[in-house]
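Residue numbers (our numbering): 4 to 198.
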Ligand code: SF4
Ligand code: SF4
């Protein structure tokens, strides 16, 4: 018989963590960064302007990476939300270029692994494509391309009213404006593609 205030013992399932050092080494090789040097000081997370929108904040992602937890890392929205501002890279006392690690994860991520990652990959591609063509983002083109690829014609039709309203108010431009330095921007993209 149990008296008042005596709690029943509960069985708590402890998740089994299976490290995958081969995958961690692959990320380290591609990024050129030693993620195992991270000692969890949290300076990256504390300075990250996008941490509020991440489901796994940067220092936690680095820990998962060090353990080689491939599916956990690739299921996170962290590297898609990352704005590549490099604040974390500047703050890391171990000299880890975390922003580059995020970029590597974007490249390694398989679109389709989770719907959020797939849509983020589409947005990333439309955003960069627009900058490559015009030297700066043409919002109407980017949003149209993104909506069409992520939601199809039905999604595009759903958004038409909003788009027309924004065009009427001058919030969106019908035609892209080009930067004077568009050739240099195209050159940057060419150099990046060549690696
Ligand atoms: S590069 Fe990405 S992860 Fe690093 S501070 Fe900026 S937004 Fe955060
Ligand atoms: S700042 Fe560097 S050492 Fe500190 S938690 Fe982030 S990655 Fe790890």
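Virtual Cβ for every residue (Gly too), placed ideally from N, Cα, C.
Rounded to the nearest whole angstrom, the C-alpha separation of residue 32 and residue 63 is 20 angstroms. At the C-beta level, residue 60 and residue 48 come within 8 angstroms of one another. Residue 61 carries a helical assignment under DSSP once its states are collapsed to helix, strand and coil.
Counting along the chain, residue 47 sits inside the alpha helix (DSSP H) bounded by residues 46-50. In the three-state reduction of the DSSP assignment, residue 125 falls in the helix class. Taking 7 angstroms as the cut-off, one finds at least one heavy atom of ligand 1 near enough to the beta carbon of residue 50. For residue 73, the closest of 30, 94, 56 by C-alpha to C-alpha distance is 30. The beta carbon of residue 103 is closer than 8 angstroms to those of 34, 35, 36, 92 in its chain, skipping five residues each way along the sequence. Distances from the alpha-carbon of residue 99 to those of 57, 42, 13 put 42 closest. Straight through space, the alpha carbons of residue 108 and residue 157 are spaced by roughly 31 angstroms. With a threshold of 7 angstroms, the Cβ atom of residue 90 counts as near ligand 1, since some heavy atom of the ligand is closer than that. Shown here, residue 183 sits in coil according to DSSP, grouped into three states, outside any helix or strand.
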